[in-house]
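Asks: Shown below is the structure under consideration.
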Amino acid sequence: MLLFFKKRPTESVFKKIKVDIHSHLLPGIDDGSPNLNTSIELVKGLCGLGFEKLITTPHIFLDFYPNTSEIIRQGLTQLKKALAEEKLPITIEAAAEYYTDSFFEDLLAKDDVLHFGKPKYVLIEMSFISPTPNLEEIIFQLITKGYQPILAHPERYAYWHNHTQVFERLQKMGCLLQLNILSLVSYYGRSVEKKALSMVKSEQIDFLGTDLHHHHHLDILRSLEYDKYLDSLLNKYEFRNNLL
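Positions 0 to 243 (numbering that gives the first Met the number 0) are the ones given, in order, by the sequence shown.
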């Protein structure tokens, strides 16, 4: 049936996702929320959209965001304390979005890795300019140590847009894939949207994430709250978010 004739969803499409596994909500530690008040506003916004649980994932990237597990835990404690006063019907946890470099390998060697859920999911990312040369070795190390790697926003790595076999290989190794919801509406450009839709329709995507950084991201998500097309994708394809 054409989407033109499809009824508008009667409830937020995000209620089908329930759990967001990728965001930058802790105040002042990366390129996400700059302060506590903004963090509270963003969490309120996600709660209003129908999310029931947030796993926020600040960057750990030595050259730009040299966060540590302790810094992230402290930030989470601060935010949870403030949110307790708001009495929102939402749960928030924290892990990290790890840039796959030698610093991350050092952390992994020491088992100083923030993870979430079972079986110990770890969110990783690469440069948007070129792939991590030893990505497969890092994935192997993660799995060997009992972690379950998830590659963040694979649809945004333009250098792999014409190399579908790369993702197939990573998945065969045991790496899961997380797609940004905003990639489905050309927020990052038409080529990313095309790749995102292709990956969803090929059933390559395991998780969805907001990758929320600021109010502009939240505004776009709000515009999609009753979106027919997004609703049709969520009805047709299965993702693992609501299993967490």
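Beta carbons: idealized from backbone N, C-alpha and C, even for Gly.
For L207, tell me which candidate among R221, N240 and L107 has the shortest Cα-Cα distance.
Replies: Ranking R221, N240 and L107 by Cα distance to L207 puts N240 first.
Asks: Can you tell me which of the three DSSP states S22 falls into?
Replies: Here S22 sits in strand by DSSP.
Asks: Please tell me whether I149 and L107 are closer than 8 Å, where the distance is taken between their beta carbons.
Replies: For I149 and L107, no; Cβs fall outside 8 Å.
Asks: For K52, which residues of its own chain have a beta-carbon under 8 Å away from its beta-carbon, when the five flanking residues on both sides are left out?
Replies: Excluding sequence neighbours, K52 sits near K17, V18, D19, I89, T90, I91, E92 and L243.
Asks: Rounded to whole angstroms, how far is the Cβ of L41 from the Cβ of L217, which I believe are closer than 8 Å?
Replies: Yes, they are in contact, since the Cβ atoms of L41 and L217 sit about 6 Å apart, within 8 Å.
Asks: In terms of alpha-carbon separation, which member of G116, E124, V199 and G47 lies closest to E224?
Replies: The shortest C-alpha separation from E224 is found at G47.
Asks: Compare the Cα-Cα distances from D111 to each of I71, D30, N36 and L87 and report the closest residue.
Replies: Answer by Cα proximity: I71.
Asks: My assumption, with CB atoms under 8 Å, is that T209 sits in contact with H21. Please give the rounded CB distance.
Replies: With 8 Å as the limit, T209 and H21 qualify as a contact, their Cβ atoms being about 7 Å apart.
Asks: From this set, E124, K193, V121 and E135, which residue's C-alpha is nearest N161's C-alpha?
Replies: Comparing Cα positions, the closest option is K193.
Asks: Do you know offhand how far E154's Cα is from N179's?
Replies: Cα to Cα, the separation comes out at about 8 Å.
Asks: Consult DSSP for A157 and reduce its assignment to one of helix, strand or coil.
Replies: Looking at A157 - three-state DSSP - the assignment turns out to be helix.
Asks: Report the start-end ranges of each alpha helix (DSSP H) in the stretch 109 to 172 that is 4 residues or longer and not cut off at the edges.
Replies: Counting only runs of 4 or more, we get 134 to 143 and 163 to 172.
Asks: Mapping DSSP to helix, strand and coil, what is L6?
Replies: Sequence inspection shows Lys at residue 6; the Leu mentioned does not correspond to that position. Of the three classes helix, strand and coil, the one that applies to K6 here is coil, per DSSP.
Asks: Nearest-angstrom Cα distance between H114 and L196?
Replies: Going by the C-alpha atoms only, they are around 28 Å apart.
Asks: Could you check where the alpha helix (DSSP H) with I71 kicks off and where it finishes?
Replies: Per DSSP, I71 belongs to the alpha helix (DSSP H) from S68 to E85.
Asks: How big is the Cα-Cα spacing for H254 and F13?
Replies: Any question about residue 254 goes unanswered here, given that the chain covers just 0 to 243.
Asks: Within 8 Å, do at least three Cβ pairs link the stretch 64 to 79 to the stretch 116 to 125?
Replies: As far as the Cβ criterion goes, the stretch 116 to 125 does not touch the stretch 64 to 79, which means the pair count is below three.
Asks: Give a yes or no on whether the C-beta atoms belonging to A151 and E96 are separated by under 8 Å.
Replies: Yes, the pair counts as a contact, with Cβ atoms nearer than the cut-off.
Asks: What does the alpha-carbon distance come out to for the pair I39 and H58?
Replies: If you take the alpha carbons of I39 and H58, they lie about 19 Å apart.
Asks: Hey, out of Y98, K109, K144 and H214, whose CA is closest to P130's CA?
Replies: With distances taken between Cα atoms, P130 lies closest to Y98.
Asks: What does the alpha-carbon distance come out to for the pair F103 and G49?
Replies: Those two C-alpha atoms are separated by around 33 Å.
Asks: Using a Cβ-Cβ cutoff of less than 8 Å, which residues in the same chain neighbour P244 once the five nearest sequence positions on both sides are dropped?
Replies: This structure gives no information on residue 244, because the portion of the chain shown stretches from 0 to 243.
Asks: Keeping to the same chain, check which residues put their C-beta closer than 8 Å to that of L233; ignore five residues upstream and five downstream.
Replies: Closer than 8 Å at the Cβ level, and outside the excluded window around L233, lie V12, K15 and I16.
Asks: DSSP on G208, reduced to helix/strand/coil?
Replies: The answer is strand: DSSP assigns G208 an E or B state.
Asks: Taking N36 as the reference, give the member of M198, K79 and T9 with the closest Cα.
Replies: For N36, the nearest C-alpha among the options comes from K79.
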